[in-house]
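Data block below; observations after.
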Amino acid sequence: MKGLLSVAALSLAVSEVSAHYIFQQLSTGSTKHGVFQYIRQNTNYNSPVTDLSSNDLRCNEGGATGANTQTVTVRAGDSFTFHLDTPVYHQGPVSIYLSKAPGSAANYDGSGTWFKIKDWGPSFPGGQWTLAGSYTAQLPSCITDGEYLLRIQSLGIHNPYPAGTPQFYISCAQIKVTGGGSVNPSGVAIPGAFKASDPGYTANIYSNFNSYTVPGPAVFSCGSNGGGTSPVEPQPTQPAQPTTTLVTSTRAPTPTQPAGCEVAKWGQCGGNGWTGCTTCAAGSTCNTQNAYYHHPLSTWLPTREQVNPTHGHSLLVSHHPLHATIVFALEV
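Mapping of the sequence shown onto mature numbering (1 follows the signal peptide of the UniProt record, and there is no 0): residues -19 to -1, 1 to 313, in sequence order.
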């Protein structure tokens, strides 16, 4: 058998290495629209953007124009939903921004200013994130009519900086706002809104993670009279202070992990400071990404012990920069 690694296994390797996620559908009203019908289609599959100085931070790689993307009409104050191809599984905040186009959204490259309308940060105590397959928010009712880019980003901080690089998963929808007000919120430039020194960018979620500030500007909101409110700079999310109560009864020992728990592929199964579930789903084992982040991978990959070079085979090891290590066994 000349190839010890089958084409099927190689395909699985490629799919696992690139197993990220992308926001690919938009819902408005009661309608879930087609894949990339109103969302600009990127050209980097479902990979993240990591360069803080890149224009790709606006609408992802390949998203500078929307000539092939339709624009959907939405009333100011109405809700909308972004849907992913697979649920977000990298810990980190999710945020939504708007940028008004000077003309049509399809011809707009996002080089104007952006204002934030929604954040999903962690909850404390525990530092739990909103990792979901869809995210619903509401357009501000006071913004002016016109065409906008509606931008969503998931910032993965699961691989702590500076040893790792935070990852931006981004998509932009094209919308036309009607029935709005008279407010044009001030905004920030992208790139430029996020810095490598931002506490929310450099945070280590595995060590003393007790508060968090989402990167970027404050969230804009409309006042009670329909006007805009002056945004307050974001403050760290901190755990509530519990009331101290003397308990005289003896507590049973806390289990090390929930009974019957199971970590799905690309979840977290270990690492320094990790106190959650460590049991991987069937067909996978816990793989060490770094000292702080271990995640399940399929068990089909051969190990060095399973492929013996003394039996006429050699090992070719490919290290993917983001996730997996692929081992190829070749006959010599």
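In this text, a Cβ means the ideal position worked out from N, Cα and C, and glycines have one as well. Since this is a predicted model, take the numbers as computed values, not measurements.
Would the beta-carbon of residue 200 fall within 8 Å of that of residue 98? yes
What span of residues does the alpha helix (DSSP H) with residue 59 cover, start to end? No alpha helix (DSSP H) contains residue 59, which DSSP labels as neither H nor E.
Residue 80 versus residue 173 - alpha carbon distance: 15 Å
Pop quiz: residue 195 and residue 90 are said to be a contact at Cβ under 8 Å. What is the actual Cβ separation, rounded to whole angstroms? Contact doesn't hold; Cβ gap of about 25 Å is too wide.
In chain order, each beta strand (DSSP E) run of at least 3 residues that lies wholly inside the segment 120 to 168: 127 to 137 and 148 to 159
Output the distance between the C-alpha atoms of residue 317 and residue 267, rounded to the nearest integer angstrom. The structure shown does not extend to residue 317, since the chain spans only -19 to 313, so no value can be given for it.
Roughly how many whole angstroms lie between the Cα atoms of residue 41 and residue 165? 25 Å
For residue 35, is the classification buried or exposed, using 16 other Cβ atoms within 10 angstroms of its Cβ as the cut-off for buried? exposed
Is the CB-CB distance between residue 127 and residue 158 below 8 Å? yes
Residue 38 - DSSP class collapsed to helix/strand/coil: helix
With C-beta atoms as the reference, is residue 321 less than 8 Å away from residue 135? Because the chain is modelled from -19 through 313, residue 321 falls outside the range shown and cannot be assessed.
Determine the direct distance from the alpha carbon of residue 120 to that of residue 59, and round the result to whole angstroms. 6 Å
Pair within 8 Å by beta-carbon distance, residue 117 and residue 142: no
Integer-rounded CB distance, given that residue 95 should sit under 8 Å from residue 181: 17 Å between Cβ atoms; not a contact.
Same chain, Cβ closer than 6 Å to residue 93, five either side skipped, listed in chain order: 80
Where residue 73 sits in the DSSP three-state scheme: coil
Whole-Å CB distance - residue 150 paired with residue 26, under 8 Å assumed: Wrong, their Cβ atoms sit about 11 Å apart, outside the cutoff.
Nearest neighbour of residue 162, chosen from 145, 139, 56 and 112 [CA to CA]: 56
Output needed for residue 51: all residues of its chain with C-beta closer than 8 Å, excluding positions within five of it in sequence on either side, in chain order. 18, 19 and 155
Can you tell me the Cα-Cα spacing of residue 153 and residue 130, whole angstroms? 6 Å
Backbone secondary structure at residue 198 - three-state DSSP: coil
Beta-carbon proximity list for residue 113, same chain, < 7 Å, skipping 5 on both sides: 68 and 69
Buried or exposed, going by whether 16 or more other CB atoms sit within 10 Å of the CB of residue 11? exposed
Quick one: using the 10 Å Cβ neighbour count with 16 as the cut-off for buried, is residue 53 buried or exposed? buried
Residue 251, DSSP secondary structure in three states: strand
Of the choices 103, 46, 28 and 104, whose alpha-carbon is the least far from that of residue 84? 46
Compare the beta carbon distance of residue 197 and residue 139 with 8 Å and say whether it is the shorter of the two. no
Buried/exposed call for residue 188, threshold 16 Cβ in 10 Å: exposed
For residue 102, count neighbouring C-beta atoms within 10 Å of its own C-beta (all shown protein chains included) and say buried if the count is 16 or more, exposed if not. buried
Which residues in the same chain have their Cβ closer than 6 Å to the Cβ of residue 133, if we skip the five residues on either side of it in sequence? 4, 63, 77 and 152
In three-state terms, what does DSSP make of residue 180? helix
Is it true that the CB of residue 260 sits closer than 8 Å to the CB of residue 251? no
Just tell me which of 88, 29, 30 and 66 has its CA closest to the CA of residue 48. 88
When DSSP labels each residue in this structure, what does residue 86 get in the three-state scheme? helix
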